[in-house]
Every structure is written in structure tokens, then in C-alpha cells.
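In order, the protein sequences belong to chains A and B.
With my numbering applied, the first sequence closes on residue 357, and no number is skipped along the way.
With my numbering applied, the second sequence closes on residue 1379, and no number is skipped along the way.
Notes to accompany the following structure.
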Amino acid sequence: MSSHITRRDFLKSAGALAAVSALPVSLIELAFAESAENFTFAYISDAHIQHIRGKEFVRNWDKGLIRAVAEANLMTPRPDFIIFGGDLAQLGSKEELDHGAEMMSALRGKVHYVMGEHDYYLDLGEYWEKLFGPQYYSFDHKGVHFVVLNSILTYDDWTYHRWPTAEQRMVEMAGLDNPNGSPFMVGEKQRQWLAQDLDKVDKGTPIVVFSHSPLQKIFRGWNFWTEDAEEVQALLRPFKKVTVLYGHVHQIQYNQIGNISFNSVMATAWPWPYPTTYRQAESHLPKLTVPINRADPFQERDGTGWQFINLATGNVDAHYILYDNPARTVAFNTQSGQPEDKQYQALDNRLPPQNHY
Amino acid sequence: MNKLMFQCRRLAWAVLFSAPVLAEPVGLPPVPIPADNPQSVEKIRLGEKLFKDQRFSADGTVSCATCHDSAKAFTDSPLTTSRGIRGLTGTRNAPTVLNAAFLKTQFWDGRSPSLEDQAVHPFVNPIEMGLPDHEPILRIVRTDPVYQDAFKKVFDKQGEGITLNDVTRAIASFERTVIAGDSPFDRYYFGGDSKAMNEAAVRGLQVFLGQGRCVPCHVIEQNQALFTDNRFHNIGVGINRIQDDVPRLAGEFLRAKNEGVNVDVVVLADPKTSELGRFAITDQLDEIGAFKTPTLRNVALTAPYMHDGSLKTLRDVVEHYNNGGARDPKERVNPYLSGGIRPLGLSETQKNDLVVFMEALTSPSQNKPAAKPRKGEKP
């Protein structure tokens, strides 16, 4: 419709035009013969809707989700679909999931949901499934194969035999640096399903995997971690272009392991600082080079945001909408073969960290 | 930048008041003066004359001073939104010129980077001074003998040599003398006079600094206070009312802007588009419905409040913030609200104290007309 802005205009409005238009057109043509096949999807994650009592919910977390939904609704033309990256609820209750689903219902467009540990460990995903459907599945869209995984499962003993109540199980899994916690995993059953699912897919087809936890090992104390990450990565290795998009970490991360690009998404609720990583032999994350400033305690939305993902090249360009902060773009660099932050990649381009508090 | 600026406050102060002023106003930093527009007594005087000249409007009734009246703390209080030629009204409440010299951007949406640039636009805005272009102004200043003399003295220019740039530089020079400090708050907080504010105002200051969450945006620094962060925030004024229209409005506006529409005209003429605020200038999603933090100095004299003049009293303003960005607790707050705005839970006493504190921000100079008409000047 003529009264609508074009995608180009929208990207400009999101402060991301420069990044997107910097992609040579030939690359887009290489990836998809028809330019009509290029597409964008929005990604909202980690709303942590928290029930207080009665009809009261934590206002701040509500505001974060409401704002992301309203802004995603401004994308014109519409994104092809929207991903919700997990942790819609804080403690997995029916009230929280219902309230979150109600706010999400304002979104215009098809939403795919990913399971987060905060959605899961009260009733092991039972009510969530009723609202949002299966916990893992795949779908194809415009030449890309998308896989949704539930990556926040853990050892059966921990899940089924450790805790006297479901509530306690939920709270134990919700904590950081909790010696009673347990590492996330995709699990054998799902890996078998994934192997079968991928078996049907041509090795040249771009693959995009949505998981809540990173399918790589970063920091175990906060479950920035998936115990069977290597096994999952092995299943993805035969494909030419693979991207894993994950939530959970409430901060921007990106990494490349072999053929697999990793991009995290922001939370709408609150930011985590980068953890003090302890290096283990199997850690593949490069040295963290971008210090995150402490979030401004006055600006409740500081350090939170949402993102839209452009798949024009078959690799992921993640555009982060960050309130009170400059928008950032982490785009796959075809020359270096890895995702790179458009602003921070070069040393002399980095903003100095905040050193005073 | 500091190299480009120098302190000229004593000069400015002396010009604004006929009586010699012995002390600089307490609570203000040095007035920044651009290197390419140094102050002089003659230039300031010329600027003031230009500021008050109604001939620079389409129907000869409107000058800068019409909406920025020195007798009303340089606003047009109590008008809700400003009135231009032929009684036309715009979409925005006249911001005070007082201390505008310190601001990093001008206009409510910051669409102008300097006082010099700002002065260019109202002349030709169809609902402000309504000139078709700036030629009529240049005709007057090139032919009026008083102006001929003044421009010769100030810029050493005459005839065709006089440009719009000279006109706006003179106006900006005058505006840099329109500064206000020395309020009871300043004498209390910076001047060490513990008696300068009454007890309610002192309690109100504590609310301002604490539970009221005012000071992060209306900044008070260690040795001076401009009461602004020079940033833009969506605080739920205006935008709440049109929130459901934002997807349509934002799209239509961006499209029109890409096609070259005059933003200055659109935002003052269309009440709904006006509410897009800073977004209309920057296209940034997180500036939808955001407007510049205004100074609070002399705020007791400039009712009504907010960019659209929609809040009648300071008490209404306090209630708006106390409700978390809504006039009424039941009003639906827009989803693009700035992260700093949230319900405050202030008691009645705290609200009253906060109002009393804001009333202590009135400069003594503003309790009387700041400048008298000069000899030979039409009132």
C-alpha cells in the first residue's frame, strides 16, 4: 500500500539502514534467485513476566514486553514471523504464562515460541504446550530450514527425583551460581529427532536453530551452557550455512565454531553483565572484548531491547534495538566467515567502557 | 568545544538590566558563546530590537517577543499553544527563552542545533510569523535607517551586504543575555544561605532528588543547575492520547519526510504528527513521543506545562509523574514510554512540597519585566 513505509524506510527508522544497505546486492542474489524471497523476522525474548499476587504483576517486566511488541508491530512491511525466545514467565505459573500470552497476542503476525527454563520447571512444560504447541519442531520458510529446540532439559534424576515440590524445583533452576542447579541439555531423545529431521534437508540449505540456552559452552555457573552442545553441533556440521540464535543470556554475544554462527538476543526484562568467564579446555568463546556497562538503574529499559533478523544472505544479520543506547548490528561477514559487530569489531571503533559508578 | 566558548556573562547581565549588577547569578555555568558570534553591547541591543519587531510577520502583528514575552518569563503564558499570525494556533506550548543559551538543541523536539539556526524558522512557518521567505526581513533591515546604523556598527555591513545570517546572529546574541539564576534554590543550595528556602521547599528538594525521580533528567550539578539533561523522553504527554494511531502516523510521516515534506511545518500544523516528538527528527524508534527536558527555572511563571500545554498547574504535573506518565491513574500509558517514568507513590505532603520547591526556582529578575522598551521603540 502506498501509504506504508518501505522496508528500507523502516530499517532506516530503526537506525540500521547503513548496516543493511552495506550488503552487496550480488550476495542477496546469490542466496536467493528471487529477491522476493529475502525476508526478515522479529525476535523478542526473556520477558520474565512475574506474578506478585491476584492481578498484580511486576510492572517493569510487563513494560519491557509491551514495548517490544508495540515496536515490532511498527515494522513495515511486516516481518515474516516473530520468534519468542523463551522465559516468557519467571516461575512458570499459569498466571504468568497467561498474562504473557495476552501481551504477546497484540503482536501482528505468526509467533513461534521457544521453551525457557523459567517456563518449564514448574509443570515441565505442560501448560506452556497447551498455549504455544510442541516444545521442539521444525519448519521451512523461503528456502531456509528452521529448527526449534528445547535446550533447557537436564538430567532426569535432577528433574524427577531431587525435589520435594515442583515449586522448589522451579526456584532451584531459576537461580544463578546455585550449587543445587543442573546444566542444561538438549538430551538424547531430541538429538535423535534432530538427526532424523536434518536427514531430509539438503546440505546447501541454510539452517537456523532457535534454542533458549546457547548451544555452546560459555559459563556453567549461569547456565550459559548446554551440556551436550558438542553432540548437537556435530549434527549441524554437515551443513554449509548454520546459525544458532539463543536467548537466556540477556546480552549480546556472537561466536563462530566451524560452520556454525552463534548469535544471542537481548532480554526485554533486564540485562545480565558479562560473567567472569572461567576458561575450561572446551570453552570456545573468544576473549570477551566488549565490556558491558552497568545498566542505568534509573532508566528501567537500559540494557534491554529486542531485535530483528535479516536473512538476505542466508546468514544472520541481527539488528538490536536498544533503548537509550545506539542500535547495534551483528552481521555475518562473508570475508572473515564469522559474525561481527558492525560498530565494535575494530579496536579503534570501540566505545570506551564506563569506569565510574 | 570549550575553546570556542568564553565567558561573557557579566556583559550579558549588565545589558539585560539597566542598573549595574554586581554579582553574577548564582547557580549557572558560564554562557557558551560561539567563536563566530562574539557578544557586543551593540549587537545585543540590535538583537533585542529585531526580537521585538512585529514587521517581520505576514500581517505585522507577531514578533519573537509575542510568544516569548519578557513580562511572562519569555513565554506566552497562559496560552496552551502559541498563537501566530491571524490568530492561528500551533501545536506546541512556547518554551521559555530563559537559559535557552545553555541548551544543546532548540525547539521541543531539538530540531535546531543552535540559537542562530532556531531564529531562522518561525519567520517562515505558516502558523507562526507566516512570511513566504526571508526577503521581507532583509528589505526592512537594509532600508530602515535605525537598522542601517545598527548593522553598520555591529557587522560593518550595509545594503545587500546584510544577510539573514547577520539578523539571526544578532537575535542569538540578545538571547544569550536572557539568563536566569539566583533563585532561592540557588542561594540555598549553592550560596550557602540555609534560610533562602522555607521548610516545605527544603523537603521538596529532597523529594526532587529522591523519590520524585526528578533530578536524573532535570539535572542539578555540583556547582550549577540547568535542570535539563538536554535529552528527549517520552513521558506520556500527548502520545498517550494518540498511541493507537502511532503505527499509521509513523509510517505516513516517514514516507512524507522521504518525499521531502517540510518537517518544521508539519510538526507545528498537524496535532497528531506533532505528538511523534523527537522521532520526527531522528527516525529513531526509541524517540517516539519524546520531547526535550525543559529547564525548570521560573517554571512557576510559565503555566500551562508540557510541550502541548496540556497540564494547567505544577500540581497537575506532579500528579502526572506520580501516576507513572498519565494524567489520570486509569489512563492507558503508551507502550513507548521512557524507562525512567514509573509510578512514584508520593504522599500528599510530598506532592505539595515538590510544588513549593519548584516555586523556589523563580529568579528575582523575573518577578518584574526584564527589559523596558527603549527610546524610539514601539511598545
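The C-beta atom is built at its ideal place from N, Cα and C for all residues, glycine as well.
In the three-state scheme derived from DSSP, where H, G and I count as helix and E and B as strand, L1205(B) is classed as helix. In the DSSP assignment, E340(A) is bridged to A331(A).
Following the DSSP letters along the chain, one finds H112(A) inside the beta strand (DSSP E) bounded by residues V111 to Y113. Assigned with DSSP and collapsed to three states, A295(A) falls in coil, not helix or strand.
Using a C-beta cut-off of 8 Å, the region 1118–1132 of chain B makes contact with the region 1263–1273 of chain B, since at least three inter-stretch Cβ pairs fall below that distance.
Going by C-alpha positions, S1338(B) is about 9 Å away from D324(A).
Looking at the DSSP output, L245(A) bridges to F210(A) and N263(A). As the crow flies, the alpha-carbon of T1066(B) is around 20 Å from that of V1141(B).
Rounded to the nearest whole angstrom, the CA to CA distance from Y1305(B) to S1077(B) is 9 Å. For E1359(B), same chain residues with a beta-carbon under 7 Å away, outside a window of 5 residues either side, are A1300 in chain order. Here DSSP, grouped into helix, strand and coil, assigns F1151(B) to helix.
With a cut-off of 8 Å on Cβ pairs, the region 1043–1060 of chain B is not in contact with the region 1190–1206 of chain B, counting fewer than three such pairs. In this structure, the alpha-carbon of P79(A) lies about 22 Å from that of D87(A). Setting aside the 5 residues that flank it on each side, G1090(B) is surrounded in the same chain by T1081, S1082, I1127 and L1268, each with a C-beta closer than 6 Å to its C-beta; the list follows chain order. The beta carbon of L215(A) sits closer than 6 Å to the beta carbons of T226, A229, V232 and V244 from its chain, once the five residues preceding and following it are set aside; these are given in chain order. Assignment of A89(A) by DSSP, reduced to helix, strand and coil, places it in the strand class.
The C-beta of D156(A) comes no closer than 9 Å to any C-beta of chain B.
Residue range E188 to D199 is occupied by the alpha helix (DSSP H) that includes Q190(A), with no beta strand (DSSP E) assigned at that position. By the CB criterion at 9 Å, V209(A) and V242(A) fall inside the cutoff.
Closest in alpha carbon position to S105(A), among Y121(A), L124(A), S261(A) and F84(A), is F84(A).
The C-alpha of G258(A) lies about 8 Å from the C-alpha of R237(A). Closest option to P1038(B), judged by alpha-carbon separation, among A1170(B), Q1158(B) and F1151(B): A1170(B).
Here D177(A) is exposed. Its C-beta has fewer than 16 other C-beta atoms within 10 Å. 9 Å or more divides the Cβ of H1307(B) from the Cβ of G1236(B). Among the CB atoms of chain A, one or more fall inside 9 Å of the CB of R1342(B). Within 7 Å of the CB of A70(A), the CB atoms of chain B belong to P1335 and Y1336, in sequence order along the chain. Inclusion of P206(A) and G314(A) in the CB contact set at 9 Å is warranted, their separation being smaller than that value.
The beta carbon of K1257(B) is closer than 7 Å to those of V1263 in its chain, skipping five residues each way along the sequence. A distance of 9 Å or more separates the beta carbons of A70(A) and A47(A). Only buried fits E300(A), as 16 or more other CB atoms lie within 10 angstroms of its CB.
At a Cβ-Cβ threshold of 9 Å, P1029(B) and D1182(B) do not count as neighbours. Taking a 10 Å sphere around the C-beta of R53(A), we find fewer than 16 other C-beta atoms and assign the residue as exposed. DSSP, reduced to helix, strand and coil, places N1258(B) within a helical segment of the structure shown. Nearest neighbour of Q1224(B) by Cα position, chosen from G1191(B), K1272(B), S1274(B) and R1213(B), turns out to be G1191(B).
Where V147(A) is concerned, the enclosing beta strand (DSSP E) starts and stops at V144 to V148. Taking the Cα positions, R1176(B) is about 5 Å away from A1101(B).
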